[in-house]
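A.B. asks: Below is a structure I'd like to ask you about.
Residue numbers (this note's numbering): 1247 to 1305.
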């Protein structure tokens, strides 16, 4: 079984507007890190378990 998250651009865009981080970024709800681009959020989620934590909730 794969530990990689299956996150699509559609998933990220479907997040409610009120959960977007300041300056049109996206916030990881697990670690509160703010990302400026969708590809950065996706990469963060896919690799977080390799870094000792598991971030799977984002807006």
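Note that beta-carbon positions come from the ideal geometry of N, C-alpha and C, so glycine has one too.
Predicted model, so just to flag it, every value in this text is computed and none were measured.
With DSSP run on the structure shown, which of helix, strand or coil describes residue 1274?
C.D. replies: strand
A.B. asks: Between which two residues does the alpha helix (DSSP H) carrying residue 1290 extend?
C.D. replies: 1284–1293
A.B. asks: Return the CA-CA distance between residue 1295 and residue 1273, expressed in angstroms with no decimal places.
C.D. replies: CA-to-CA, the gap between residue 1295 and residue 1273 works out to about 17 angstroms.
A.B. asks: Using only the alpha-carbon positions, how far apart do residue 1270 and residue 1300 sit?
C.D. replies: 24 angstroms
A.B. asks: Taking buried to mean at least 16 other C-beta atoms within 10 Å of its own C-beta, is residue 1290 buried or exposed?
C.D. replies: buried
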